[in-house]
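Before any comments, here is the structure.
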Ligand SMILES: Cc1cc2nc3c(=O)[nH]c(=O)nc-3n(C[C@H](O)[C@H](O)[C@H](O)COP(=O)(O)OP(=O)(O)OC[C@H]3O[C@@H](n4cnc5c(N)ncnc54)[C@H](O)[C@@H]3O)c2cc1C
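In this note's numbering, the protein residues as written are 191 to 526.
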């Protein structure tokens with residue numbers, strides 16, 4: 191199938207764009223159709239959650255022919271309520287994503303494919319992307335909005351409670367569990383720094399080191415001064431009801447009632463394609479980018495959780511919007 195230039199695409203799509211200005215959307219969720227649709231895109235976004243959809247909206251509004259490939263596995267999928275995103279505070283993650291997808295699908299220049307990207311290779315003009323469904327797509331620019339995967343400890347009950355009562359961030363969930371019996375699953379510098387922060391939300395705070403603590407004497411004294419307890423017992427399991435933890439059982443048979451636990455967890459990149467393409471990671475494991483979200487590989491961009499420590503829906507959306515605007519501007523100017 192021949193590739194259309196972006197300007198030819200805009201001319202062909204003019205009628206469709208005008209149609210999309212109607213007060214209703216003719217197709218609520220625009221899907222990629224492998225029988226009829228072209229396989230050449232200006233931009234392919236791998237990952238169609240908050241960051242990817244925000245980038246697609248900016249690109250779509252700039253008439254840039256964009257394909258989103260997503261397999262529907264955002265990191266906050268188990269959280270009952272998402273907080274701290276203005277206009278959507280307290281909504282479920284799915285509600286926010288569904289509305290976002292519906293709004294992005296109003297732009298005819300954006301197509302959506304429900305599949306997993308498994309490989310990307312450089313071509314003369316950009317990149318070829320292979321998906322698990324067996325198809326290939328070509329693009330000039332490539333954006334990864336693929337998020338990260340948390341590595342949870344193999345403690346029974348932990349993953350069932352993840353995002354419900356075992357939490358990663360006080361700015362997302364701290365207000366709802368203020369003044370509750372709160373734990374921190376941590377040790378050493380990370381555990382100590384987290385304890386300082388979380389002490390803002392509750393006076394009933396215990397650190398569970400799950401083995402010998404590695405706090406310095408100074409840190410122990412400071413924790414003691416702030417009435418923060420340290421428990422070194424090894425954890426057997428978390429007892430919970432539908433993900434809401436109610437007590438911790440230790441290997442020595444002891445039990446402690448608890449309402450919530452913070453667990454700053456290690457993580458890995460959700461998608462390994464950026465590394466396979468040669469994108470460098472930071473020491474902490476994020477994809478290295480410049481101020482325009484371009485990675486260390488030309489024409490490859492990374493946005494959202496995969497490239498930042500500031501892990502919130504609002505920040506993922508901000509990064510996506512900025513990347514979509516700056517990349518589309520660059521492409522428009524280059525083509526002029
Ligand atoms: C438990 C938990 C609770 C949270 N609660 C809140 C909260 O209350 N408020 C808040 O602001 N933030 C919250 N966050 C943070 C928030 O979820 C993230 O910052 C946000 O999801 C980041 O968006 P993203 O688009 O970068 O990545 P994600 O939302 O993780 O999406 C990445 C997408 O890429 C897809 N993908 C990955 N690899 C591929 C591939 N190879 N092919 C196709 N698709 C692929 C995934 O399926 C997924 O859909 C929470 C996070 C967690 C873990």
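C-beta: ideal position from N, C-alpha, C; glycine also. These numbers were taken from a predicted model, which means no experiment stands behind them.
Handout entry: For residue 230, the first and last residue of its enclosing beta strand (DSSP E)
Key = 230-236
Exercise for the section: Pick helix, strand or coil for residue 313, following the three-state DSSP scheme. Expected result: coil
Problem - Alpha-carbon to alpha-carbon, residue 223 and residue 523 - result: 30 Å
Handout entry: Cβ-Cβ separation, residue 331 to residue 491 (assumed contact under 8 Å), whole Å
Key = 7 Å
Problem - Which residues DSSP lists as bridging residue 259, in chain order - result: 236 and 303
Exercise for the section: Have a look at residue 322 and residue 462 and give me their C-alpha separation to the nearest angstrom. Expected result: 14 Å
Handout entry: residue 212, buried or exposed, once every other Cβ within 10 Å from all chains shown has been counted against 16
Key = Because residue 212 carries a pLDDT of 30, less than 50, the predicted location of this residue cannot be relied on, and no value is offered for it.
Practice task
Go ahead and pull the three-state DSSP assignment for residue 417.
Solution key: coil
Practice task
With a threshold of 7 Å, establish whether the CB of residue 504 neighbours any heavy atom of ligand 1.
Solution key: yes
Practice task
With DSSP as the reference, please indicate the residues paired to residue 528 in a beta bridge.
Solution key: This structure does not reach residue 528, given that the chain is present from 191 up to 526, and the question cannot be answered.
Exercise for the section: Confirm the yes/no value for this check: CB of residue 307, any heavy atom of ligand 1, distance under 7 Å. Expected result: yes
Exercise for the section: May I ask you to check if the CB of residue 430 is nearer than 7 Å to at least one heavy atom of ligand 1? Expected result: no
Exercise for the section: Closer than 6 Å by C-beta to residue 514: which residues in its own chain qualify, once you throw out the five before and the five after it? Chain order, please. Expected result: 245, 248 and 249
Practice task
Measure the C-alpha to C-alpha separation of residue 457 and residue 343 and round it to an integer number of angstroms.
Solution key: 11 Å
Exercise for the section: Specify the secondary structure class of residue 286 as computed by DSSP and reduced to three states. Expected result: helix
Exercise for the section: Examine ligand 1 and report whether any of its heavy atoms sits within less than 7 Å of the Cβ of residue 421. Expected result: no
Problem - Beta-bridge pairing of residue 365 - partner residues as DSSP gives them - result: In the DSSP output, where bridge partners are listed per residue, residue 365 has none listed.
Handout entry: Buried/exposed call for residue 297, threshold 16 Cβ in 10 Å
Key = buried
Handout entry: Backbone secondary structure at residue 430 - three-state DSSP
Key = strand
Problem - Three-way DSSP call (helix, strand, coil) for residue 516 in this model - result: helix
Exercise for the section: Could you tell me if the beta carbon of residue 336 falls within a distance shorter than 7 Å of some heavy atom in ligand 1? Expected result: yes
Problem - Inter-stretch contact at 8 Å, needing at least 3 Cβ pairs: the segment 343-359 / the segment 426-435 - result: yes
Practice task
Return the residue from the list 273, 334, 311 and 370 that minimises the CA-CA distance to residue 393.
Solution key: 370
Practice task
Could you check what DSSP says for residue 525 in three-state terms: helix, strand or coil?
Solution key: helix
Practice task
Compute the Euclidean distance between the alpha carbons of residue 426 and residue 285, then round it to the nearest angstrom.
Solution key: 35 Å
Exercise for the section: Tell me whether residue 363 counts as near ligand 1, meaning its Cβ is closer than 7 Å to at least one heavy atom of that ligand. Expected result: yes
Handout entry: Status (buried if at least 16 other CB within 10 Å, exposed otherwise) for residue 300
Key = buried
Exercise for the section: Mark residue 417 as exposed unless 16 or more other C-beta atoms lie within 10 angstroms of its C-beta, in which case mark it buried. Expected result: exposed
Problem - Minimum C-alpha distance to residue 376 - residue among 497, 444, 275 and 454 - result: 454
Problem - residue 458, enclosing beta strand (DSSP E) - first and last residue - result: 457-459
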